[in-house]
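Asks: The sequence shown runs 190 to 481 under our numbering.
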Amino acid sequence: MPTDALFARWAQRVEAALAGALPDAGLAPQRLHAAMRYAALGGGKRMRPLLVYAAGHLAGADEALLDAPAMAVELVHAYSLVHDDLPAMDDDDLRRGRPTVHVAFDEAIAILAGDALQTLAFAVLAESGAPADLRVAWLQSLAAASGAAGMCGGQALDIDATGRTQAVQELERMHRLKTGALILASVGMGAMAGRVDADQSQRLDRFAGALGLAFQVRDDILDVESSSEKLGKTAGKDAAQVKSTYPALLGIDGAKAKLDELAAAMRDALAPFGERAAPLAALGRLAIERDR
């Protein structure tokens with residue numbers, strides 16, 4: 190099946206699963222439930238769930254088994270965006286082409302919605318029908334990627350670095366935690382559901398590490414070259430907040446050269462897998478070629 194058709198099917202699959210797992214907005218507390226659904230449904234690239242399905246495809250996993258980790262990584266991602274947009278963080282009023290959650294509802298509900306999305310992610314994994322050892326491995330992987338040693342730690346480094354110039358190595362470490370850790374977990378959780386040996390697992394980690402960094406480099410380039418209307422979020426925000434970015438440190442040409450280097454690393458990591466890796470390879474290309 191062509192990768193575009195696979196991605197459409199997987200996106201529809203995770204959307205339906207999320208719609209069923211999220212609480213009914215008609216039930217109390219209605220505003221909290223409505224905010225959770227607003228944050229998690231009907232938008233976004235679904236890159237992380239697609240990576241779960243694509244890695245599981247490579248590993249020969251049962252597609253139905255992948256629904257829980259696909260939902261879980263997207264719920265954590267959605268919660269992180271809700272909190273990232275808050276006035277105390279990036280103070281943004283536009284996400285996915287519409288008002289951010291704290292603007293559409295209010296700040297207190299946005300905080301609670303993010304908290305509830307995060308906890309729902311772990312409930313989805315714990316309550317899935319997967320074997321107990323696999324559920325534990327998923328929970329450990331997602332917890333590590335989401336906490337102080339992963340996404341939250343990267344966000345803290347980002348806050349601490351605002352208003353000063355970072356070294357390239359410092360910027361890379363921050364993004365490997367803030368963006369890359371959850372992408373690494375997405376690939377790893379998909380692969381865990383199937384069959385991969387130690388060498389294959391290392392190759393998938395190399396691919397995911399390069400992809401996570403490439404995703405952020407492309408974000409930095411788009412923040413300079415694109416518009417708010419096209420991105421669906423505020424363009425030029427990094428420069429306005431005096432944040433270090435790859436274009437700021439390397440120049441636009443240098444940032445694009447870094448993207449080419451990461452693309453080559455992704456291709457090299459996946460080369461031995463052949464056709465089984467076609468969906469992952471296509472997601473790697475999508476990450477570096479996207480325009481929003």
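The beta-carbon is built from N, C-alpha and C at its ideal position, and this holds for glycine as well. Since the structure is predicted, the reported quantities are computational estimates derived from the model, not experimental observations.
(1) Just the Cα atoms here: how many angstroms apart are THR308 and ALA208?
(2) Ordered along the chain, which non-local residues of its own chain (more than five positions away) have a Cβ less than 6 Å from that of GLN344?
(3) LEU211 by DSSP, collapsed to three states: which one?
(4) Is the beta carbon of LEU240 closer than 8 Å to that of GLY379?
(5) CA-CA distance, MET278 and ASP408?
(6) Near ILE477, what residues of its chain come up, given a Cβ to Cβ distance below 6 Å and the 5 sequence neighbours on each side ignored?
(7) Determine the extent of the alpha helix (DSSP H) in which GLY398 is found, giving its start and end residues.
(8) Which residue or residues does DSSP assign as beta-bridge partners of PRO288?
(9) May I have the straight-line CA-CA distance separating ARG285 from ARG324, to the nearest angstrom?
(10) Using the Cα positions of SER433 and HIS266, report the straight-line distance between them to the nearest angstrom.
(11) Could you say if the region 257-271 and the region 311-323 meet the contact criterion of at least three C-beta pairs nearer than 8 Å?
(12) Counting only the same chain and skipping the five closest in sequence on each side, list residues whose C-beta sits under 7 Å from that of LEU221.
(13) Would you tell me roughly how many angstroms separate the C-alpha atoms of LEU328 and ALA334, rounded to the nearest one?
(14) So, with DSSP's three-state summary, where would you put THR192?
(15) Helix, strand or coil for MET340, going by three-state DSSP, please let me know.
(16) Along the chain, where does the alpha helix (DSSP H) containing SER330 start, and where does it finish?
(17) Can you name, in chain order, every residue of its own chain whose Cβ lies under 7 Å from the Cβ of CYS341, other than the five neighbours on each side?
(18) Write down the C-beta distance between ARG235 and VAL203 rounded to the nearest angstrom, noting that I regard them as a contact closer than 8 Å.
(19) Are GLY401 and ARG362 close, meaning C-beta to C-beta below 8 Å?
Replies: Quick look at the numbers:
(1) 16 Å
(2) LYS367
(3) coil
(4) yes
(5) 18 Å
(6) ALA403, ARG407, LEU448, ALA452
(7) 387-414
(8) LEU283
(9) 31 Å
(10) 23 Å
(11) yes
(12) ILE298, LEU301, ALA302, ALA305
(13) 10 Å
(14) helix
(15) helix
(16) 321-335
(17) SER335
(18) 6 Å
(19) no
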